[in-house]
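Line order of the protein sequences matches chains R and A. Throughout, our numbering is defined as the position within the first sequence, counted from one, plus 111. Throughout, our numbering is defined as the position within the second sequence, counted from one, plus 961. Take a look at the structure below.
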Amino acid sequence: MAKTPRAANNHPSFFRAVLAIVQKDLVAEYHSRELAPAMLAFSLIVIIIFNFALELDIKARQSVTAGVLWATFAFAGTLGLNRSMAIEKDRGCMDGLLLAPVDRSAIYFGKAISNLAFMLLVEAIVLPVYSLMYNVNLFQAGLLGVILLGSIGYTAVGTLLSAMSVQTRTRDVLLPILLLPVVLPVLLAAVKASGGLLNGAEFSEILTPLNILIVYDVIFIAFAFMVFDFVVEE
Amino acid sequence: MQPKPIVLTILDFVSLIVLGIATYLALVFAPTEAVMGNVQRVFYFHVGTAWVALLGFIIAALSGIVYLITKDMKWDRFEVAAVEVSTVFFFITIVLGSIWARPAWNTWWTWDPRLTTASVTELIYIAYFMLRQGIEDPEKRARFGAIYTLLGGLSAPITFMVIRLFRTIHPVVIGGGNAAAQGGFDMTVDMRTTFFFALFAFTIIFIDLIWHRLRLGALQEKVEQFKLEASI
């Protein structure tokens, strides 16, 4: 973590601390390339499995595309969340981060933002591939917005829970069991909104799921901000 | 270990008696519902168990908050007791509902908001036990448990709101009507008596079980301490 002493006080500002953690994660990923490729390969395999499991012909595609996409993102997401926290724990980086003279919640936001970055990266590749394979245009401003909102909610809760699950005996196995039932509202609202957008529904029809997504994001980011101290406390 | 308090023994007997009375009222005293027939009698216990289960989940979330503030293990024991008893009651609610739904809706299960939220809530609290099981340090276990009950308590109502976007056929017997609901009915006076007595009976049983579980929690803590001392 880059420490830049400043004249006024010795503590880096909150934003600088968050950015430093995000930067650290992105640089580490750029050098090791162990997270995003795994998530990506996994996503593509899941899509292929869905293709045969659901027999995605033209008619079926219309109704299940949103569901397939979100199931893929959710599964790939747990993979990334697990790994990103396990790296911190196994190499003792977490202790180093906790020793840094910054607000603990900066660590949470740093990790959450880098987790979100990985998820968005995977989505940025999965979407065109899916569009190409199934001949549907997924690049609509509304849909991208829903995907962003959904991913924010997912990583907000996911980062908090992965920080918990990594400290348990069963760790990797536990995260999806803890995360998926709690994050279900995000996935359902996102599926509803994405499905509506893809089928050309009126804006008023997708307004409610959109609102729920925003409310969920706000509530759970605030919640994680409040309790993250308790998660990393020794 | 303190000897079993006399009040608790009395409460045990009272629980058994009220359960007996509630059973009698539900199966014999309450009039048979005109449309659904005898299967409607499941309703009294269905709502009774659901009521204490939700009460327990709320108590668990509140004790979670108090634990995080005070760090007193007493509140952790309270939280575990509430979640454990409620999870069992909620499971009974779901099973009873299913038994009723088979003749009333002609299906054991449907993806209705209440049913879906109920099953997801049940899964959240099962995950809660798995989380606790994976942590050895009692203090950390209590902290994580408290956070997770809060998370579950926040998420379950939102799940309910989301699934309502789809449709519902679950009847609302107490307050409010829903044109699409199937299996709704109006309660007669005797039905009401039975209904409120069932709520009362399950509340007594709930308190009794929580009390037992609290004593068990204290014992568990002691065993853990002995184990720790033995290992040192």
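Every residue, glycine too, gets a C-beta built ideally from N, C-alpha and C.
Out of A/E1100, A/L1016 and A/M1148, point me to the one whose CA is closest to R/E345's CA. A/E1100
Per DSSP, which residues does R/G191 bridge with? Please list them. R/G191 pairs with nothing; no bridge assigned.
Identify whether A/G998 lies in helix, strand or coil by the three-state DSSP scheme. strand
Proximal residues of chain R, C-beta to C-beta of A/L1029 below 8 Å: V338 and F341
Is the number of C-beta pairs between the region 133 to 143 of chain R and the region 160 to 167 of chain R that are closer than 8 Å three or more? no
Contact under 8 Å by Cβ, R/A300 with A/V1123: yes
What does the alpha-carbon distance come out to for the pair R/L295 and R/I288? 11 Å
Give the single residue among A/P964, A/T1082 and A/E994 whose Cα lies nearest to the Cα of A/P1118. A/T1082
Report yes if the C-beta distance between R/F229 and R/M337 is below 8 Å; otherwise report no. no
Within 8 Å, do at least three Cβ pairs link the region 1147 to 1167 of chain A to the region 307 to 323 of chain R? no
DSSP state of A/W1069, grouped into three classes? coil
Residues in the same chain with beta-carbon distance under 7 Å from A/P992, minus the five sequence neighbours each way, listed in chain order, please. T1149, D1151 and M1152
With C-beta atoms as the reference, is A/V1008 less than 8 Å away from A/S1047? no
Going by the CB atoms, is the gap between A/I1053 and A/S1080 shorter than 8 Å? no
Consider the Cβ of A/F1018: report whether some Cβ of chain R lies at a distance smaller than 8 Å. no
Note down the Cα distance separating A/I978 from A/F1090, rounded to an integer number of angstroms. 31 Å
Cα-Cα separation between R/P116 and A/L1084, rounded to whole angstroms: Any answer about R/P116 is weak, because its pLDDT of 46 lies below 50 and its placement is not dependable; what the coordinates show is given next. Cα to Cα, R/P116 sits roughly 48 Å from A/L1084.
From A/L1057 to A/R1176, what does the alpha carbon distance come to, in whole angstroms? 29 Å
Would you check if there are 3 or more beta carbon pairs closer than 8 Å linking the region 189 to 203 of chain R to the region 256 to 275 of chain R? yes
Touch test, the region 1012 to 1032 of chain A against the region 1059 to 1066 of chain A, Cβ-Cβ under 8 Å, three pairs minimum: no
Suppose contacts are defined by Cβ-Cβ distances below 8 Å. Is A/F1167 in contact with A/L980 by that definition? no
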